[in-house]
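When you number the sequence shown by numbering that gives the first Met the number 0, it's gap-free, plus one each residue, and the end is 243.
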Amino acid sequence: MASLGGERPQKMPKVAKVKNKAPAEIQITAEQLLREAKERDLEILPPPPKQKISDPDELADYQLRKRKSFEDDIRKNRLVISNWIKYAQWEESQKQLQRARSVYERALDVEHRNITLWLKYTEMEMRNRQVNHARNLWNRAVTILPRAPQFWYKYTYMEEMLGNISGARQVFERWMEWEPEEQAWHTYINFELRYKEVDRAREIYKKFVIVHPDVKNWCKYARFERSEERRVGKECRSRWSPYH
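Structure, rendered in structure tokens:
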């Protein structure tokens, strides 16, 4: 067909012709392709070993560059808490606990209601056996965020692991003043029973059923009392049986 207006006709692209339409001798399935791709991933060389910096001047230069990089990230968006945590964890890895504390404190000035931030900060102190610092942080955390059960659980657990039973009990008492969830009361009751403080456990149960007066909780209280009656009766029989 002749072109209109003197325009040259457009040529259609040539389609490559397949000369051999017979199936390949070796058929490769999709599963094989995926497996080979995965195997190639496994063949990737491991990262080079970490180099230790022994020269003091070189180490100081490295730390300066790293701190500048962290500070730049924070300056871009100070509300990204993960940047603060990475910064503090790096300082801890450099055995610079005081600097790590400074980073965490600056982060708390930005977002003092971030639970993860408090947990990471306190876990650092516990990991480095800084008990008094950790205790001070737990105390601050439960004062600022008394409705965060994670703090109370970890605070009481730390005191118990340290053998500070009276201190753990005081923390539990502070916690119960906030009338927390049922599980918190059961944790306190079990704590007292671990140390054979049955009368204390009974007093906690009395407060518990007032705060959470569900039928199931009264039933638990009743079962506790029946269990104690059987235990006391069994002890009495074992004590008096040799004399009768």
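Yeah, the Cβ is synthetic: ideal placement off N, Cα and C, and Gly gets one too.
Query	Result
Delimiting residues of the alpha helix (DSSP H) encompassing Gln97	Leu96 to Val109
Given Thr121 as reference, the closest of Ala106, Phe69 and Trp137 once Cα atoms are compared	Trp137
Inter-residue spacing [alpha-carbon to alpha-carbon] between Glu91 and Pro145	28 Å
Residues near Tyr154 by beta carbon distance below 7 Å, same chain, minus five either side	Trp137, Val141 and Val170
Straight-line Cα distance separating Ala106 from Trp83	6 Å
Helix, strand or coil at Gln93 [DSSP, three-state]	coil
Assigned secondary structure, Asn82 (DSSP; H/G/I helix, E/B strand, else coil)	helix
Where Lys119 sits in the DSSP three-state scheme	helix
Simplified DSSP assignment, three categories, for Asn138	helix
Segments assigned alpha helix (DSSP H), at least 4 residues, entirely inside the segment 161-203	164-175 and 181-193
Cα-Cα separation, Leu32 to Glu38	10 Å
Spatial distance of Tyr103 from Arg168 (CA atoms)	29 Å
Under 8 Å between C-beta atoms of Glu110 and Leu58	no
Pairwise C-alpha distance: Arg128 and Glu272	Residue 272 falls outside the range modelled here, since the chain spans only 0 to 243, and no answer is possible.
Distance, Glu180 Cα to Lys200 Cα	One detail in the question is off: residue 200 reads as Ala in this sequence, not Lys. Approximately 17 Å, taken between the alpha carbons.
Tyr220 and Tyr204 closer than 8 Å at C-beta	yes
DSSP state of Asp54 mapped onto helix, strand, coil	coil
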